[in-house]
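As given, the protein sequences belong to chains D, F and B, one line each in that order. Residues in the first sequence are numbered from 0 upward in steps of one, following numbering that gives the first Met the number 0. Residues in the second sequence are numbered from 0 upward in steps of one, following numbering that gives the first Met the number 0. Residues in the third sequence are numbered from 0 upward in steps of one, following numbering that gives the first Met the number 0. C-beta atoms are modelled at their ideal positions from N, C-alpha and C, and glycine is treated no differently. Below is one structure, written out as structure tokens; comments come after it.
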Amino acid sequence: MLPGAIMHVAGSYHAAGGNREGLIVVVGLGSCGIAAGGQKVRSALIEAIERRALPIQLRETGCVGMCYREVLVDVFDPQGKRFTYGNVTPERVERLATDHFESGRPVREWLVRSSEESLADDSFFAKQKRIVLRNCGIIDPESLAEYRARDGYQALEKALRRMQPEEVIQAVRDSGLRGRGGAGFPTGLKWQFARGAKGEKKYLICNGDEGDPGAFMDRSVLEGDPHTVIEGMLIAAYGIGADEGYLYVRAEYPLAVRRLRKAIADATMAGFLGEHIMGSMLTARGSEFSFQLHVKEGAGAFVCGEETALMASIEGQRGMPRLRPPFPATSGLWGKPTNINNVETYANIPWILLHGPQAFADLGTEKSKGSKVFALAGKIARGGLVEVPMGITIGEVIYEIGGGIKDGRAFKAVQMGGPSGGCIPASLADTMIDYESVTQTGAIMGSGGMVVLDETACMVEIARFFLDFTQKESCGKCTFCRIGTKRMLEILTRITQGQGQEGDIELLYDLADKVKTSSLCGLGQTAPNPVLTTLRYFREEYEAHIREKRCPAHYCRKLLVYRIDSDLCTGCTACARACPTQAISGVVKQPHLIDQARCIQCGSCVAKCRFDAVKTQ
Amino acid sequence: MALVKIKIDGKELEAEEGKTILKVAQANGIEIPTLCDHAALLPFGGCRLCVVQAGPGALKPACATPIASNMEVVTDSSEIREARMMVLQLLFGERNHYCMVCESTGQCELQDLGYKLGLDHFEFFPYEKRFSEDVTHPYILVDQNRCILCRRCVRACADVGGHWVLGVKNRGYESLIDIDMDAPFNDSSCTSCGLCVQVCPTGALVDKRASYLGRKDQADLILSRCDRCPVGCGLEVYRRSNYILKIYGDWNCPTNGGVTCRLSRYAPLYDERPRLSTPKLKEAGVWTPASAEKTARWMAGKLINAEVVVEGSLSNEDLAALKSLFGERVFSLQDVAPPLPATAKLQDLADADTYLVIGVDLNREYGTVGSLIKRRTIPGTAKLILVDDGFNSLAASTDFVFSMEDLDSALAEARKGRKVVIVYSHLRETVAEALRAESQFLRLFLPYESNTLGLAQAGIGPHIAADSERTVFFVGENLRDLKSRVRGATLVALTPFETDEVKAADLIVPIPAVFESEGSFISMDGELLRKERILEPGEGVRSVSAWVALVEAQRLQSVVAKGKQGGSQ
Amino acid sequence: MERIRILKKFEPKRENLLLLLHALQKNNRQNYLMEEDLKSAAQYLSLPPSLVHGAATFYSMYSLKPRGQYIVRICQSPPCHQMGSSDLIEEASRALGVEVGETTPDGLFTLETSECLGICGVAPAMTVNEEVHGNLTPERVRAIFSEKRRAK
């Protein structure tokens, strides 16, 4: 981010009632920050500041995206200079307090970003375009005042005062925004269907059941900037003519639920939500506007991310997908016309209305406009949350933003789109990120999870892992998803255990094809994608497992051959004592040997050897 | 709905927009295999056997996809055939589908499809998990090993029966049919309506009584009406030689649309009371079998000033015969007149928004009425208000339960409704008075017995218990406390069963049991319904009308004889 | 009585079933839903028991078996798996002396695995009740357990 923007941030703190004298210290307390020990750092900061009786204001913020540097602490001085410390621990707080807070000397070796000098981590932000994340990691998510200081609820006011509902929908259509939940359906068109549906009562739903493994975009937005989502929903409700809405959040996100509840209460108090919004203002459509918003927690079911299953869950039932048609736009929640979008989609709306649809459409490609948030996870050097303009390549995201692969290993593939997506090999790193290009690879854009795999990943095992997930999460309604995925999983499991047979690949293709074309809902129809893409790009790995009983990535334990390197072995006997089947023999201080007939590939010897002498093949 | 043009397998058709592909195909003689689909149930789209190509992209289930203008449907192609075969392979491999050791072999829809689509081997190693059978229910056996999770039973139990006893627990591959909360079937809230068995396509739900006695297609199907209560449900009765295999509700019957209850489907088949097979006369305190002729003569000799008291399940024909013999001295055991005149019919239940049920446990009696109500109130489409003192199992399914004393509050709640139906049978006078004032409510009277209205039409009123020296005839299947009704009189009981209760009489005369006679009766809706004779009664058993004819003949004979005697004097 | 007090916090509408089950489970000292809980929920909402039981067994966060005071859920989704969560599971299993899905004899811990916790940036991760922990190593896992034991 540019220094100018940082100035603006500090300005917003002061505008929101901060002091103009002392420093402002901000701790990142998203779930990732808390998981890395953020609360302990905060306690240490409080203690250090109070002990010194410094005129410092301590604040909190959500996730700025640099999860690889958690815990993060920002220090702003009254001139608007910003210093960001990474990997802060309670132990480091003391020196920060002494050197920086007390004496005004920033601790340079711990800085990861600063408005005063360029640092290596700046490249994490250089190619980003932050629309959805514009406030994340900057404002206090529990402060409505800070949200308002950053133009919060101005898009809503603009819509209500100056735009007809049809104009709101037209603006969203003009922006080219497509659903960020995965399928990429044009948002404005969806709204138009809901607006056109017959019926007095209409519902609006926000899908926050972000369940793709490796995806945490929605969590970060809900935790870091809940009002943006609420404002986006309000604008949508005005557009389609809904007066009641639900925000469905997975139960794994308790902090998001808590912050949302607070945001809803604050927004209601301030007159942005509930009855008589904005003081019974007469809107451009000539009537008052009211909107009731409820938060619903899930209870652990991935399939509830599917829109019809989600509605069943809101109604208090088993989250079973329903038949479509009828589509939610005509018959959704309790049989009423319903519009459903995901968190990120709504979070784009206020920006689009304030900056105009053209500003959004100027970003991205012909068919994929705007920016997209991605969660970088797995074997990437800088794991975290990034927002990039559509049209950037996968390679740019992984190398230039993500800093390449961890520990200097080789990039093998990236899993995009979660269990519905697929593995894109390193050779396709030039693929542009837009809905159509990603789909061409066999993966899908999905909600934005990118799990980066390095050379140590076994692609059969990765496919098995994802299938294990979908199989467990299948609701069980339709035959293909309930039984088909189970059979596919069994085949993959036996391949990774060295029991693969000739014909297994063909059977996998056969099953995958049927599950894909004939399952009831999106979960089943996309479940085979991880298998199909790994078969497409890494078929030789499957063949090595089946024919040669060999795992090229040296991952599948059952297929490993353990040998002791006689040059490295000191004859300490640790491995022989650890071996549960007495497969290792040898004299003390002489190199040991493994009897392959007895070895069960448990790996105990590898774990015990202090000389790295046990090698696998 | 507008007519639209579509093409199925190249054939141009016109059909109503919004109808499913399956319905349109069936109406035009195009066959699409189905499994989870059932004509009486809402589309489910789970089994995927009926997949067809309709437009680009994934195959679509014909059972659940509505047609649209200019849609082109292909119901058969190599892709479709392969998909269907895979469905069968997956289902056959999921649990125990070894047909040769299944009660349902030969009448199983899964097996039929296997033959039809040419399944000739098991692709996947089948049957890894075993579940123990639930044999606790008196009438129904549950074997989850045979279940294909089509949920027809669950859907029928809920959407048709209105019971919601069956559900699904767990998810995905671990899914199982659930009974209440994992309860043994016999300890559950099951009302034994039997719908689940009727819709199960495999051997997962089996009528215990019918097991191993033959298949449906080896039996005669007789459509009849149930005379166990005045609803008069349409029944499909399956008979093999002189034995009833099973009884199903008749889906096509406008009265019940397939729903029935324990009383029509199971109770009569499990009636263990000893049958009376020959007339017996108490002579000097000893029961002695008597011939038909002797019996008739004995009865004919007691006719002077005699009266007959009947149960309300007697057919119109039997009533007419008795009236010919006894004239005005035919009485009813029970009340006949409603406490309040009825103003509603069963079909009024279909669109009411409030039901005020007073003093009747509709899970135990008039079960079909219960189903028609509960299937709307439990999902919240309509409101059930219950007024009763003491236990009533309906109380579990509604928030609005009031005591008789608190009738006013119940009425206040009911007044919020737009179309309110009061459902009642016997009523206390004060309650009847209070209800009479609510003239805006519709009143659905549940007559006390199947032909109560027939008795009323025939002008038969209730019998008043009194001491008497006259002979009193009782006719019915549940006769009891005869002595307390009349003391000092000679008693005759015409009944199918030789229970201790009827032995209070001086003569007991066998008549047919429920399935052994035909006849007509007047249902609660005032319709003249006919039940068929399904089984042949035993040799000594005669219908009421036949006994009347014999007695009449004896009487004539004795009149003639007396006449002769008189003439000779 | 306690149960009724909890139920009364929610409007008796069917849509509140999941929230109500969460509340009942949280209130239970052994972190699970007893048959009585399900029955009272069914009664309170006038729902057939089969629907309540069906929902309670559909969602993975409800347990119908008694559990420990602390529910340890180690994330096993691919990002955490990539970062070594299977080692954590093995270590936790050793440290607690129970397999996944089991509860320690003292009733203190139940070891479970979890789907993605959404904190992949600090993988591998786990939760102990509502507390989240990231950047874990087998040693850290042991330390967290000891901390909880002492807190008891």
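What is the DSSP secondary structure of residue i, reduced to helix, strand or coil?
i: Asn15 of chain B; result: helix
i: Asn95 of chain F; result: coil
i: Val451 of chain D; result: strand
i: Lys168 of chain F; result: strand
i: Cys115 of chain B; result: coil
i: Lys7 of chain B; result: coil
i: Gln127 of chain D; result: coil
i: Met125 of chain B; result: strand
i: Met431 of chain D; result: strand
i: Ala170 of chain D; result: helix
i: Gln42 of chain B; result: helix
i: Gly334 of chain D; result: helix
Would you mind reading off the limits of the beta strand (DSSP E) that contains residue i?
i: Pro288 of chain F; result: 285-288
i: Val248 of chain D; result: 243-248
i: Leu490 of chain F; result: 489-494
i: Arg442 of chain F; result: 441-444
i: Phe57 of chain B; result: Note, Phe57 of chain B: premise wrong, no beta strand (DSSP E); alpha helix (DSSP H) at 48-57.
i: Glu59 of chain D; result: 56-60
i: Ser519 of chain F; result: 518-521
List the residues of chain E that residue i touches, going by C-beta distances under 9 angstroms, in chain order.
i: Asn134 of chain B; result: Annotation note: the requested chain E is absent from the structure, which comprises protein chains D, F and B.
Take residue i and list the residues in its own chain whose beta-carbon comes closer than 6 angstroms to its own, dropping the five residues that flank it on each side.
i: Met617 of chain D; result: With chain D running from 0 to 616 in the structure shown, residue 617 of chain D is simply not present.
i: Lys418 of chain F; result: Ala351, Asp352
i: Trp350 of chain D; result: Ile130
To the nearest angstrom, how far is it from the Cα of residue i to the Cα of residue j?
i: Ala55 of chain B; j: Tyr146 of chain D; result: 38 angstroms
i: Ala488 of chain F; j: Arg328 of chain F; result: 15 angstroms
i: Tyr97 of chain F; j: Leu478 of chain F; result: 49 angstroms
i: Gly562 of chain F; j: Trp297 of chain F; result: 19 angstroms
i: Asp242 of chain D; j: Leu393 of chain F; result: 36 angstroms
i: Arg541 of chain F; j: Gln553 of chain F; result: 16 angstroms
i: Val437 of chain D; j: Met444 of chain D; result: 6 angstroms
i: Ala343 of chain F; j: Ser424 of chain F; result: 13 angstroms
i: Gly29 of chain D; j: Glu489 of chain D; result: 38 angstroms
i: Arg151 of chain F; j: Leu280 of chain F; result: 53 angstroms
i: Ala264 of chain D; j: Gly151 of chain D; result: 16 angstroms
i: Ala291 of chain F; j: Ala305 of chain F; result: 20 angstroms
i: Gly557 of chain F; j: Ile303 of chain F; result: The sequence given here has Ser at residue 557 of chain F, not Gly. Going from the Cα of Ser557 of chain F to the Cα of Ile303 of chain F covers about 13 angstroms.
i: Ala142 of chain B; j: Ala91 of chain B; result: 11 angstroms
i: Leu63 of chain B; j: Ile137 of chain D; result: 42 angstroms
i: Glu156 of chain D; j: Ala34 of chain D; result: 37 angstroms
i: Val308 of chain F; j: Leu481 of chain F; result: 10 angstroms
Kindly indicate the opening and closing residues of the alpha helix (DSSP H) around residue i.
i: Lys513 of chain D; result: 503-517
i: Gly56 of chain F; result: Note, Gly56 of chain F: premise wrong, no alpha helix (DSSP H); not H, not E.
i: Glu460 of chain D; result: 458-472
i: Asp38 of chain D; result: Just to set this straight, residue 38 of chain D is Gln in the shown sequence, not Asp. From DSSP, the alpha helix (DSSP H) with Gln38 of chain D extends over 37-51.
i: Arg154 of chain F; result: 151-154
Keeping to the same chain, check which residues put their C-beta closer than 7 angstroms to that of residue i; ignore five residues upstream and five downstream.
i: Ala157 of chain F; result: Trp163
**Report entry** alpha helix (DSSP H) runs wholly inside the segment 346-384 of chain F, at least 4 long, in chain order
**Finding:** 366-376
**Report entry** Any beta strand (DSSP E) of 3 or more consecutive residues that is wholly inside the segment 78-120 of chain D
**Finding:** 81-84, 110-113
Requested in this report: Please list the segments of the alpha helix (DSSP H) lying wholly inside the segment 250-302 of chain F, counting only runs of 4 or more residues, in order along the chain.
Outcome: 261-264, 291-299
Query raised in the report: Which runs of the alpha helix (DSSP H) fall wholly inside the segment 182-244 of chain D and span at least 4 residues, in chain order?
Result: 186-195, 216-223, 225-239
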